[in-house]
Every structure is written in structure tokens, then in C-alpha cells.
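Enquirer: Shown below is the structure under consideration.
Protein chains in written order, with UniProt numbering: chain A, 1 to 371; chain B, 1 to 285.
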């Protein structure tokens, strides 16, 4: 393509290209569109490849944007000769770790390829219904909200704050105050590093075997999100779903009810190992687990090979401050974690406790406070 | 930017940094339009190093701000030298003269952002691992990145003498705010293809012959294809190459040296175990 024809095509197509990006799900704000045009004017693209990269630098804001950007660019300006190097490929010889929510191929493949995809799409037709909380539940939730902060372990903050007592002299404050008294130091001010809550990570099993407990767990998660500082909540059945933002809604029934639209694998199969590995394959999620109080709410009934689950729980345990496993089965005094999955992960878990509803969750929270 | 894109590529290459066309375009645009450049990519692909190389190429001072949780404006921007102010007050009292202005230049401690604005011949400002800082700090950066100016209440607004070349890096441990992204150009640095990585390794580990570099890079690419907890970046493959070079100079065979120094490439016990299970396919020619 000659420079002249490219410039003509840019002129002809630029508005359609930008509109198409918007239509395909990559809306570019006007200031960025302006920068794109400025960039074209300032450097004068040599060929389609150069124009491709100018667009990448000015119109996209994340790696994932390329999934929309690249085909749209190709549609309007033809194929850029030098394409980005695919770097998200995972091999198929070891248990593959799915990468982020956009890439579900390994999971769907494991579920039976096309058949798995069809099953996945039919999930949309039978969305789970997380019913409203009863009066009893509301009473327990209110108690939970009061008690929760005391149950979370704390850590000393890195920031120094003004305090009445503390090992550090607050030179800035002393000097500011002493200016009023012509340099005389009247009161010695101090700074300290206050304690703050550790991050909390909840991983909630919503598979079929947990059907009667899932709604209780999600209501518990709503109380945790509403009451504590830094919380992340994920659900898993056959896939991993981040639900923290939806649980921020003020009303518990509205928040938990809205999850029906996104947690599409609820009341289905269980793939604990694969879901936890999906969590650990994402660097952003790993940071959430680092040094956190991690609570897995699941019966631990893994289907098939238990090794991925064992490896994932072990890594989660190494990353976290404490790893608690809350299982409805453990509410029964006669319960022994003898299933292959649970017996394999037991060594990595700090505590296994019985939680089947809000009342038992409240009891566990009180146990944490006493510890 | 004083140089065109091809010259920039050649000069970066001379400094040992081999950038692909995408990164070069982004760098060139950032310099030409005077906009900050946000670089993302897996750890070890050369996000920080590009700022270092760029500073050498442009002959500008590199000013680095390493972000961390709890970083606040006083550590990034400026602080008043309180002890010095206090001593000045006491001296004025003893000598019986007026206090004068306590917010003079001599009492101002300049932190990286202010220094980058005041650098007369421009600077390369590296705001490293912005995702580690709190979102409040991100918000604080908006004025700086939008207008290249900062306001000190006691002095007034300071505008850049020469617009600094700003490079922000992120490992994506958390989502950055849209407002910040809107002000920046963006580029994702991928793992390099085999040819580029061979060239990088030969530039960084002088003395390595073409065939050895090819074997090493082939092994690195096979290892990246395994389901590792942490895939090795370019930094790791360069240090592996240097390690292998050292061991072969001491008499180890090439294959043995690659095996013995595999800890320079992968840093998790589980990954080393996985590597052990795939020895033949990884190290075989």
C-alpha cells in the first residue's frame, strides 16, 4: 500500500473505524480520539502496520482491547503485516491454567468441547435464584456486621500517622506548631504506625452439591463486603466469577439477587481444582490472596483428579496469612474429611470448620474473635 | 522528541535495548506529542529497562519514583525541610533579626516529581509499578500528568521548564483508574519472538555465539510453554544465559550448565519440579 493511498483511506475511513470500535464494544473517549488524529498528523504513518501501532498506543488502554481493536483495524485498513506476538498460549500437556474471564477454552474443552459449550449456553436459561433473606437471617446479619471487624487479623500499617504515643517524633508537626511560638517547642508530638485489617478473600462454592447453602454464603459475603475494608469475593462451580462489585449494593436481597445474572455456573458441576488454578493464574488475583485471611466455603467434593485441587490449595495456603475451610459437612460431629479431595488438602488448611448457614457462620466469626 | 523513529530504534539498539515496532511507535509518539506512556506486560519483559535506555539515548537525567502502598504526595512531590526551618528560627531569635520567609527555596526538599519538572534540559521520569500505589495517589497524579504542573500552596504553581518524558509501568496487580489511562498512551510489551530474544541475549551476554543463543532461546520458549506458576521474562533468560556462560567457562558441558543454572530462570520449587519432568523436551535440540 502506498503512503498516498493509505492517507486517503485514513481520511475516508477514520470516522467509520472509530464508530465501529464503539459498536464492537471498545468505546474510545473523545480526548483519545483527538490524540489519535494528532498522532497521525504528527508522525505521518508509513504503512498499515505503523498505523496499527499508532492506534494501539493512542486508542487502547489495556492488552485485552486488542481483541476488538485488531479485527476492527483489519476490517477498515487491511491486515497489518507485523502482528503482535501471542504470549498467552498455554500448552496442552500439563493441566492448563485458564487465563482470565475472556479465555474459557481450557475449561470448556475439559467439559467436552462443543458439548461443553452448548451446556454452558443452556445455563443461561436456568439461572439460579438466590431467594430473599428471612427475618431470622436479617437478625443474624445485623449481629454479624457488628462482630466482623473483631474477627479479622490486623497488620501494622506502613504509613505513620500522628498519634499520642509512638516511637517516632513528628518533626513536621512540631515545627509547624513551634513557628507560632517563635521556634519554641512546647509539646513533643509523636507518630505511630496504626494497625489495619488484613485483606479478606472469600471463595464461595456455588455448585449443585452446595445448592442449599449458596444463598446463605452469599448473604454472609454481602455482610463482609459491607463491613470490612478490603474484601474480594469470588464464586466458583465450573468457572471462577468475581462478584465483589455486585455485593456492594446496599440491600442484601438486591445484591444477592443480582448475582443470578452473572454466576451462571451455580447449581452445576464442581471443578474446585480448575477454578482455584484459574484464580492463581491471574497475577491480580494472586495479589489479593497475598497476606490475606482466605476463607474457602465449600464441601470439597471434587470430581475426577484431585491433584490440581491439592496443588492449588497448597499455593493458596502459602500465599495467605490464614487459610480457613468452611464446609457444611463439618457441621456434623461425625464428619471425617475422608474424601480424596478433602483429605488431600487438609494438611494445607489452617482450620476446617462447619458452616452451613448464617447462624453457623456467626458462630465461626465468634470463634475467630476468641482466637 | 528530537529524533525520528528509526533513529530512536537504532540508538536504543546501541544501548542494548531492542524494541519492536509497536514499542518504538509508542515511544516516538510519547516524545512527539509530549504525553505520558503507560507500559504494561508480565514482569521481566523490560518495562523499567526501556526508561533507563531512553534516558541514555536522549542524554537526559533518569528520575525514578518507585511506587508502594502508602506512598503519599510528600514523598513524591516535595517536603519542607522542617529542622532547617526550626534552626533558622532559633538563629533569627538569637541574633535579634526578623524571621523572614520560612518558605524560601532553600527550605524546599524536592522529591522526584518536582525534580522532573525543574530539570532544565528535561528528564525521563519513571513512575515504576504504579499499580502498587494506592488509588488516592493515582488521583493525585492526574494534575501532574495532565498539565505537567504542580501547585505548592506556599509558592504557587510550578510548570515544567521542559516537558519530562514520563514512563509509567504497571504489573496489573490491580486495575488502574480510567482517568489515568485516558491521559496516557498505552503499550503492552509481550514476550519477544525467538529472533528478537536471541538478539537481546547476545547483546546482553557478549561472547555468546549464535548457535548457543539459539539453543538457549529455544529452551526458554519451550519452558514458557509449560504450565508454570511464573513464566520467565527476558531479564531471567538474560541472567540464565550469563549463568550458563560462566559454568561452561568453568568446564561444564553446555547441557549440564543449562540444567545446573535453571534456578536463574524459574524461581518456584513447583516450576523446577515441572521442569525436571520435561527435561528431555526442554533441553533436547
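Note that CB positions come from ideal geometry on N, CA and C, so glycine has one too.
Any beta carbon of chain A sitting closer than 9 Å to that of residue 46(B)?
Expert: no
Enquirer: Mind checking which residues open and close the alpha helix (DSSP H) that includes residue 246(B)?
Expert: 234-249
Enquirer: Tell me the DSSP bridge mates of residue 310(A)?
Expert: Residue pairing for residue 310(A): DSSP places it in no beta bridge.
Enquirer: Short check: CB of residue 214(B) to CB of residue 235(B), under 9 Å?
Expert: no
Enquirer: Any beta-carbon of chain B closer than 9 Å to the one on residue 198(A)?
Expert: no
Enquirer: How long is the line joining the alpha carbons of residue 16(B) and residue 53(B), rounded to whole angstroms?
Expert: 8 Å
Enquirer: Can you pull the chain B residues whose beta carbon is under 7 Å from the beta carbon of residue 183(A), in chain order?
Expert: 86, 89, 90 and 93
Enquirer: Against chain B, with Cβ distances strictly below 9 Å, would residue 366(A) count as a contact?
Expert: no
Enquirer: Looking at C-alpha atoms only, which residue of 8(A), 301(A) and 231(A) is the closest neighbour of residue 209(A)?
Expert: 301(A)
Enquirer: Assign residue 65(A) to one of three DSSP states: helix, strand, or coil.
Expert: helix
Enquirer: Would residue 357(A) and residue 213(A) be called neighbours here (beta carbons separated by less than 9 Å)?
Expert: yes
Enquirer: Confirm, please, whether the CB-CB distance from residue 113(B) to residue 150(B) is below 9 Å.
Expert: Between residue 150(B) and residue 113(B), the CB-CB gap stays under 9 Å.
Enquirer: Roughly how many angstroms separate the alpha carbons of residue 178(B) and residue 143(A), rounded to a whole number?
Expert: 37 Å
Enquirer: Closer than 9 Å, CB to CB, is residue 178(B) near chain A or not?
Expert: yes
Enquirer: Which residues share a DSSP beta bridge with residue 110(B)?
Expert: 78(B)
Enquirer: Starting from the beta carbon of residue 181(B), find every residue of chain A whose beta carbon is closer than 7 Å, and list them in chain order.
Expert: Near residue 181(B) (Cβ distances below 7 Å), the residues of chain A are 61.
Enquirer: Quick check on the DSSP output: what are the complete beta strand (DSSP E) runs of length 3 or more inside the segment 139-220 of chain A, in order along the chain?
Expert: DSSP assignment within the segment 139-220 of chain A yields the following whole beta strand (DSSP E) runs of 3 residues or more, N-terminal first: 154-156, 161-163, 190-192, 195-197 and 200-205.
Enquirer: Please say whether residue 25(B) and residue 57(A) have beta carbons closer to each other than 9 Å?
Expert: Taking a C-beta distance under 9 Å as the contact criterion, residue 57(A) and residue 25(B) qualify as a contact pair.
Enquirer: Using a beta-carbon distance cut-off of less than 7 Å, what residues from the segment 53-85 of chain B approach chain A?
Expert: 69, 70, 82, 83 and 85
Enquirer: According to the Cβ coordinates, are residue 220(A) and residue 202(A) closer than 9 Å?
Expert: yes
Enquirer: For the candidate residues 158(B), 245(B), 97(B) and 216(B), whose alpha-carbon lies nearest to that of residue 206(B)?
Expert: Ranking 158(B), 245(B), 97(B) and 216(B) by Cα distance to residue 206(B) puts 245(B) first.
Enquirer: Which residues of chain B have a Cβ atom closer than 7 Å to the Cβ of residue 50(A), listed in chain order?
Expert: 25
Enquirer: Out of 186(A), 233(A), 227(A) and 63(A), state which residue places its alpha-carbon closest to the alpha-carbon of residue 206(A).
Expert: 233(A)
Enquirer: Which residue from 176(A), 190(A) and 191(A) puts its Cα closest to that of residue 184(A)?
Expert: 176(A)
Enquirer: Looking at chain B, is there any beta carbon in it that lies within less than 9 Å of the beta carbon of residue 58(A)?
Expert: Output row for residue 58(A): interface = yes.
Enquirer: Using the Cβ count rule (16 or more neighbours within 10 Å means buried), how would you classify residue 188(B)?
Expert: buried
Enquirer: With a threshold of 16 other CB atoms inside 10 Å of the CB of residue 186(A), please say whether the residue is buried or exposed.
Expert: exposed
Enquirer: By how many angstroms is the C-alpha of residue 20(B) removed from the C-alpha of residue 49(A)?
Expert: 12 Å
Enquirer: For a contact meaning CB atoms closer than 7 Å, what does residue 283(A) contact in chain B?
Expert: 171, 172 and 173
Enquirer: Going along chain B, which residues have a C-beta under 7 Å from residue 31(A)?
Expert: 182
Enquirer: Taking beta-carbon pairs under 9 Å, can you tell me which members of the segment 184-204 of chain B lie near chain A?
Expert: 184, 185, 186, 187, 188, 190, 191, 192, 193 and 196
Enquirer: Is residue 85(B) buried or exposed, if buried means 16 or more other CB atoms sit within 10 Å of its CB?
Expert: buried
Enquirer: For residue 36(B) and residue 360(A), I'd like the C-alpha separation in whole angstroms.
Expert: When rounded, the distance between both Cα atoms is 52 Å.
Enquirer: Report yes or no: do the segment 61-68 of chain B and the segment 150-157 of chain A share at least 3 C-beta pairs separated by less than 8 Å?
Expert: no
Enquirer: Which of the residues in the segment 159-179 of chain A, read from start to end, lie with their CB under 8 Å from any CB of chain B?
Expert: 159, 171, 172, 174, 175, 176, 178 and 179
Enquirer: Are the C-beta atoms of residue 72(A) and some chain B residue less than 9 Å apart?
Expert: no
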